[in-house]
Each structure stands twice: as C-alpha cells, then as structure tokens.
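Written below as structure tokens is the structure these notes are about.
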Amino acid sequence: MDLERIMHNLEKKHPGESEYLQAVREVLESIVEVVNENPHFESAGIIERIIEPDRIFVFKVPWLSDDGTVNVNLAYRVQFNNAIGPYKGGLRFHPSVNLSILKFLGFEQVFKNSLTTLPMGGAKGGSDFDPKGKSDDEIMRFCQSFMLELWRVIGAETDVPAGDIGVGGREIGFLYGMYKKLAREHTGVLTGKGINWGGSLIRPEATGFGSVYFAREMLATKGEDIKGKTFALSGFGNVAWGAATKINDFGGKVLTISGPDGYIYDPEGISGDKIEYLLELRASNQDIVKPYSYEYPEAKFYQGKRPWEVKCDVAIPCATQNELNKEDAENLVENGCICVAEGANMPSTPAAVEVFLENKILFGPGKAVNAGGVSTSGLEMSQNSMKLNWPAEEVDKRLHQIMKDIHQACVEYGTREDGYINYVKGANIAGFLKVANAMIDQGVL
Ligand code: NDP
Ligand code: 2IT
C-alpha cells in the first residue's frame with residue numbers, strides 16, 4: 002500500500018479538511034502492514050473505498066427565534082459505511098461543526114462500531130447550530146426543522162442517529178417526536194431515547210462508564226487498579242459525568258473538569274454532591290465550570306488553561322478533538338501519568354500520541370475507549386427490536402463485557418514483540434479487518 006500516494010490524492014480531493022485527513026492518516030499508518038500481507042484488500046480497492054463516505058446529505062435548517070428572527074443553519078448527515086450493519090452514529094450541534102469534522106467522526110465511527118462486536122455501520126451528522134443560551138422552545142423548533150429534512154434518509158434498519166456534543170436527551174426527544182409524526186411509526190430510529198418511550202437504561206452513563214471499564218482493563222495489564230488513583234478529566238458533558246461517577250464508584254479521585262473557558266482543580270476530589278451540583282448548573286444553561294469554585298472554595302478555577310498541567314495518575318480527555326497537544330502530553334508524562342484513555346473522539350493530536358507511545362505509557366484511543374456509548378446504543382436497538390426493556394444490571398453487564406472484549410481485541414492485534422501494547426494499532430487493525438472482510442464478501446459496491 003502506497004500510503005503517501007493515497008494521502009496525497011485524498012488531500013487534493015478534499016483540501017483543507019484537516020480533521021478528516023488526520024483521522025484517515027492515523028488509521029492507514031496502523032494498518033499498512035496488514036494490508037501488505039493481504040493483497041486481496043488492495044486488488045479489491047478496499048482502502049480507496051473505505052476512506053470515502055458512501056454519501057453525504059447537506060441541507061439548510063431555517064428556524065424562528067423567540068423574538069421572531071429567522072435563522073438559517075447548515076446541517077449534514079455523512080453515511081460512511083454500512084458493510085456490517087445499518088449506518089449508526091451521533092449528531093453534533095456546535096458552532097464549530099463543518100464537513101471535515103463530521104467526516105472524521107463518521108470515519109472513526111466505522112472502526113469503533115466494528116470493535117463493539119455488534120452489527121452497526123458508521124455515520125455522523127449534525128449542524129453548526131449553537132444550543133448555548135437558547136430557550137427550550139428555540140431548541141424544539143430547530144430540532145423539528147432539522148428532522149423535517151433528515152427523516153427522508155434515516156430509518157431503524159437504514160441509519161440510526163444518536164447524541165454527541167450538544168445533543169442529549171432533550172434534543173433526541175424533539176427529534177424523535179418530529180420523526181414519529183412524519184413517518185407515522187414508533188420505531189428505534191434514534192437511540193438515546195427517554196426511558197418511557199423506547200430508551201435503554203444506562204445509555205446516558207454508558208460512554209463514561211465504558212471509558213472507565215476500559216481504563217481499568219488497561220491498568221490491570223500493569224497490575225494496577227483504579228482504587229486510590231488520581232484522575233484528570235476535561236469537559237463536563239455527558240461523557241465526563243459518566244466517567245467521574247464510575248471513577249468514584251471504583252475508589253478513584255477526580256481532580257479536574259473543564260469547559261472551553263478553563264478548568265477546575267479540586268484537591269479534595271469531585272464526587273457525590275459536587276457532581277449533582279454540576280448537573281444542576283449544566284441544566285440551567287449557565288457557564289458550567291467557573292461557579293463551581295464559588296460553591297466549593299477548596300477548588301480553584303484556572304482561566305484559559307487546560308487540565309493537563311495537573312499531576313495525575315490517569316488522564317481522561319472528555320471534551321473535543323485535538324484538545325491535548327504535544328506540550329500537554331509531555332507535561333502529563335513528566336508529572337508521572339501512567340495512563341491516558343480518550344473519552345472524547347480524537348482529543349490527542351498526532352504529536353501528543355507519539356509522545357505517549359514513545360514513553361510507553363498506557364494509551365487508549367477514543368475509538369476503543371469511548372465505544373461503550375455506541376455499544377449501548379446497539380443494545381437499545383436490540384431491545385427496540387424485541388419490544389422489551391432490560392433492567393439496568395443486564396445492560397451494564399453487557400456493556401462491561403463488550404469493553405473487556407474490545408480491550409482483548411486491542412491486546413491481540415496491538416501487542417508488540419517487547420510486550421508493549423500499542424492500543425492505537427490494535428484498535429485500528431481489529432476494527433478494519435471486520436469491515437474490510439465484509440466488503441470483500443459483498444463485492445464492489
Ligand atoms: P456534551 O455536549 O455533553 O459535552 C461536551 C463537553 O465538552 C462540555 O463540557 C463542553 O463544555 C466541552 N467542550 C465543547 N467544546 C469544547 C471546546 N472547544 N473546548 C473545550 N471544551 C469544550 O458532549 P459529550 O460529553 O457527549 O461529548 C464529549 C466528547 O465525547 C466528544 O468528543 C464526543 O464526540 C465524544 N463521545 C460522545 C459520546 C456520547 O455518547 N455522547 C460517545 C462517544 C464519544 P461547555 O458545555 O461549557 O461548552
Ligand atoms: O461518538 C460516538 O460514538 C457517539 N457520539 C455515540 C453514537 C451513537 O450512535 O450512540
């Protein structure tokens with residue numbers, strides 16, 4: 002496989018799509034040997050086919066503010082690959098959303114979903130709409146207008162969206178309501194639904210819980226445990242909340258959380274009431290991080306800074322892509338961090354990943370670590386198909402087993418001769434093989 006030629010062609014076709022090109026290069030670098038050992042992948046054009054999405058829908062979303070102003074946002078659905086199951090992946094509402102970001106997320110989702118052991122293809126969608134500061138009515142009107150277009154191209158057996166940044170239970174409710182009205186059916190077309198109308202228990206917690214289950218498996222390879230360890234987390238959204246909760250359950254201490262404006266360092270640990278308090282702030286649409294330091298004077302707010310300067314045993318970035326750079330990685334390693342588990346999608350820059358691998362610390366890439374979210378979405382789809390609900394313990398048990406299985410796949414494909422587990426390679430190879438073999442079976446499409 003001529004990696005540089007493939008990347009050169011892709012860059013020429015999609016100039017400036019930096020996140021997408023970054024994600025493709027990372028996967029191709031990991032699988033180059035496997036592709037070279039399997040010439041039938043090359044002769045079937047698997048690489049050229051797997052790096053481009055099947056199709057992309059782009060549409061405008063007009064909506065009315067409470068004061069009567071007309072607004073127009075841009076929205077997308079990237080259907081990347083459905084070789085192993087219906088397209089599946091979240092929707093992101095954030096002002097930074099563009100095609101490059103959604104293509105990178107859709108591409109990552111293909112391999113992540115393959116790792117989950119469940120039959121799901123990869124997709125991603127969203128809009129440059131900013132939910133911050135909007136009223137519930139405005140969010141509802143936006144979601145309804147968004148679904149007025151999207152409903153034509155999704156379906157329970159075709160393409161099943163879910164949440165991501167800026168899309169949680171409230172947004173899924175409004176989106177689902179509109180879909181149901183248009184399609185005249187009550188079906189598992191979205192995941193992350195409310196518990197009384199088709200949702201699964203544990204789905205809200207699943208990405209964070211799964212990330213901690215995965216980190217626990219990583220630590221166990223070194224004879225280490227979560228109990229007594231200190232954790233630096235970024236973000237305080239859905240993923241960080243679930244992770245913080247589970248770290249506390251396992252006896253770890255969460256030292257930091259962050260927002261776009263800075264981070265909080267709480268030397269006494271963020272647990273119990275403090276997590277509840279953050280949930281309250283979040284629900285009130287306020288700036289979520291700073292007020293914490295007023296409520297809990299033992300904590301300090303560091304304006305404009307990122308949590309990676311704090312001494313910790315384990316770091317779990319849970320905010321957004323490229324939020325942890327080379328310097329941050331060097332800081333973490335220097336301060337004795339032994340494990341970095343990516344709760345977010347692609348939060349570490351390529352240079353940061355290199356630092357982790359060179360220093361042989363445990364490094365888990367997002368597509369393995371945060372796969373618990375979409376796995377539990379897959380479990381929600383199973384429950385919808387069977388028209389029944391599993392109890393929380395059942396879902397959690399399955400989630401836990403899936404995370405163990407993903408870890409095992411990474412160990413199988415990523416263990417080097419010197420015994421170091423390269424989870425990046427392991428996850429990419431394991432995820433790739435299943436999709437590539439399915440594509441071979443199904444012919445050139
Ligand atoms: P949320 O919208 O619930 O939370 C996002 C968090 O990141 C918030 O704390 C937000 O702060 C912060 N944030 C957003 N943009 C930035 C930025 N530019 N700089 C610093 N902080 C920022 O999203 P999720 O928790 O769902 O998603 C977080 C990450 O996890 C994303 O990478 C997502 O793709 C990934 N992920 C999510 C899954 C899920 O099931 N939800 C599954 C797998 C991965 P604020 O609110 O102040 O803006
Ligand atoms: O990045 C992700 O895996 C998600 N946002 C969850 C996708 C899903 O379909 O549950």
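To convert a position in the sequence shown, counted from 1, into the working numbering, add 1. Think of the CB as a built atom: it goes at the ideal place given N, C-alpha and C, for glycine as much as any other residue.
Looking at the backbone, the Cα of threonine 159 and that of threonine 117 are separated by about 18 angstroms. Beyond the five residues adjoining it in sequence on each side, valine 412 comes within less than 7 angstroms, by CB distance, of Ile422 and Gly427 in the same chain, given in chain order. The residues Ser101, in chain order, have a CB closer than 6 angstroms to that of glutamate 18 in the same chain once the five nearest residues on each side in sequence are set aside. The bridge partners DSSP lists for tyrosine 77 are Val59 and Gly127. Looking at the backbone, the Cα of glycine 263 and that of serine 294 are separated by about 12 angstroms. Under the criterion of beta carbons closer than 8 angstroms, threonine 208 and glycine 169 do not qualify as touching, at roughly 12 angstroms. A direct Cα-Cα distance of roughly 15 angstroms separates glutamate 269 from lysine 228. Scanning Gln443, Gly224, Asp442 and Gly193 for the CA closest to the CA of leucine 363 turns up Gly224. For asparagine 346, the shortest separation between its Cβ and any heavy atom of the ligand NDP lies below 6 angstroms.
Separation of the CB atoms of proline 348 and threonine 321 is rounded to 7 angstroms, and the pair is thereby assigned contact status at 8 angstroms.
Here the distance from the Cβ of aspartate 165 to the nearest heavy atom of the ligand 2IT is below 6 angstroms.
The beta carbons of threonine 377 and leucine 400 sit closer together than 7 angstroms. For aspartate 160, no alpha helix (DSSP H) encloses it; the enclosing beta strand (DSSP E) starts and ends at 160–163.
7 angstroms or more divides the Cβ of leucine 149 from the Cβ of lysine 125. For tyrosine 88, the enclosing beta strand (DSSP E) begins and ends at 88–94. Aspartate 267 and alanine 369 have their C-alpha atoms roughly 29 angstroms apart. Burial state of valine 240 is buried, judged by a 10 Å Cβ sphere holding 16 or more other Cβ atoms. Less than 7 angstroms divides the Cβ of valine 98 from the Cβ of aspartate 129. Rounded to whole angstroms, the separation of the alpha carbons of methionine 141 and isoleucine 203 is 25 angstroms.
With 16 or more other Cβ atoms inside 10 Å of its own Cβ, glycine 365 counts as buried. A heavy atom of the ligand NDP is found nearer than 6 angstroms to the CB of glycine 238. Per DSSP, reduced to three states, the secondary structure at serine 349 is strand. For glutamine 110, the number of other beta carbons within 10 angstroms of its own is at least 16, and it is reported as buried. C-alpha of cysteine 338 to C-alpha of leucine 280: approximately 28 angstroms in a straight line.
One thing to note: glutamate 206 has its Cβ no nearer than 7 angstroms to the Cβ of histidine 408.
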